[in-house]
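Contents: one structure, followed by commentary.
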Ligand SMILES: *[C@@H]1O[C@H](CO)[C@@H](O)[C@H](O)[C@H]1NC(C)=O
Ligand SMILES: *[C@@H]1O[C@H](CO)[C@@H](O)[C@H](O)[C@H]1NC(C)=O
């Protein structure tokens, strides 16, 4: 009787441990450089309708390969890159489609696929992790995105990303 009870307790403990899966958390600063001779973000298509505010038009497509670092300074250690694009919906909203490629550490070479809507004036925006490769094949998760700084004279910007990825159980 006692041993049956014990094994029941043990079973429920094992089950709750198995379901309480923790995400892998990454914290990055993304450096988007538009100005100067070596930009990391370039406008490749200009939409036909200029927006009333700011330098963009509806339909603009910006392709980027931005460095991701551990700290806000551009010379802090490089952890990976954000590679992909965003398209402009209106003065305050863009749609992101990009991969994070990790270039060091335990997950070096793995990628995290992200897409989502960026409502720029909000202090924190949420994007979706829709998959990945390597350690993150078929992963799910989310990204909390903040604007760390913007230079409104040239469009250079720094974003702060908290990425939470739940690796798939394959
Ligand atoms: C990074 O740059 C700052 C100045 O912008 C400098 O003070 C600091 O020493 C640099 N750090 C490294 C690790 O090079
Ligand atoms: C990451 O992996 C690449 C390709 O395998 C390798 O060249 C590079 O040295 C690795 N970087 C680090 C910091 O381990």
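Numbering (mature numbering (1 follows the signal peptide of the UniProt record, and there is no 0)), first residue to last: -20 to -1, 1 to 150. All C-beta atoms in this analysis are idealised placements derived from N, C-alpha and C, irrespective of residue type, glycine included.
Ranked by Cα distance from residue 57, the options 99, 68, 135 and 85 are led by 85.
Residue 20 and residue 1 have their C-alpha atoms spaced approximately 36 Å apart. If you draw a 10 Å sphere on the C-beta of residue 12, you find 16 or more other C-beta atoms in it, and that means buried. The set of residues with a C-beta under 6 Å from any non-hydrogen atom of ligand 1 comprises 53 and 55, given in chain order.
Here residue 29 is exposed, its C-beta having fewer than 16 other C-beta atoms within 10 Å. The beta carbon of residue 91 sits no closer than 8 Å to any heavy atom of ligand 2.
By the criterion of at least three beta-carbon pairs nearer than 8 Å, the region 122 to 129 is in contact with the region 93 to 109.
With fewer than 16 other beta carbons inside 10 angstroms of its own, residue 131 counts as exposed.
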